Amino acid sequence: MIGATGGTGLDRSAVLVAVLTRLAEREAAWRAAAGDPDVGRVRADYRAVCASLGAEVRVELPGGMTVTGMAEDVDGDGQLLLLGADGHRRAIAAGDVVHVRPVDRRRDPTPARD
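For the sequence shown, this note's numbering begins at 9 and goes up steadily by one.
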């Protein structure tokens, strides 16, 4: 067996048991909170690692429609809260999120004139 640093001795069974134990603990906490994503800290933990929040995104919705804006937050139902350029907030329940590359305004493609 190969460990994370290239050595031997990684016990895959122990890793699996640790992952499943932690998952069972999280599920028990979620159930004890009656599924409330804030009491059970599910939403806070998700928000802490979600790379989309605070980023400009394009969301490809079912049916072919797309919307763009800043991914502001995730609500208690797990919907993405998208702030459009027009200031309108929209809750997105389903769709493919694509990160939009920001324009680098420091690099002007036209040469400077003296």
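C-beta atoms are modelled at their ideal positions from N, C-alpha and C, and glycine is treated no differently. All values reported here derive from a predicted model rather than from experimental measurement.
Determine the direct distance from the alpha carbon of Ala-26 to that of Val-105, and round the result to whole angstroms.
Taking the first residue of the sequence shown as 1, we reach residue 105 at position 97. Taking the first residue of the sequence shown as 1, we reach residue 26 at position 18. Approximately 31 Å between the Cα atoms of the pair.
Which one of Tyr-54, Arg-39, Val-108, Trp-38 has the shortest CA to CA distance from Asp-83?
Position 75 of the sequence shown, counted from the start, is the residue given in the question as residue 83. Closest by alpha carbon: Tyr-54.
Local conformation of Asp-19 per DSSP, three classes
By 1-based counting over the sequence shown, the position of residue 19 is 11. Asp-19: coil per DSSP, three-state reduction.
For Gly-71 and Leu-90, what's the separation of their Cα atoms in angstroms?
The residue you call residue 71 lines up with position 63 of the sequence shown. The residue you call residue 90 lines up with position 82 of the sequence shown. Each residue's Cα considered, the two are about 18 Å apart.
Completely contained alpha helix (DSSP H) runs for the stretch 33 to 76, where each covers 4 or more residues
50 to 57
Report yes if the C-beta distance between Glu-64 and Val-108 is below 7 Å; otherwise report no.
In the sequence shown, residue 64 corresponds to position 56, counting from 1. In the sequence shown, residue 108 corresponds to position 100, counting from 1. Yes, the pair counts as a contact, with Cβ atoms nearer than the cut-off.
If you reduce the DSSP assignment to three classes, tell me which class Ala-26 lands in.
Locating residue 26 in the sequence shown gives position 18, counting from the first residue. Reduced to three states, the DSSP call for Ala-26 is helix.
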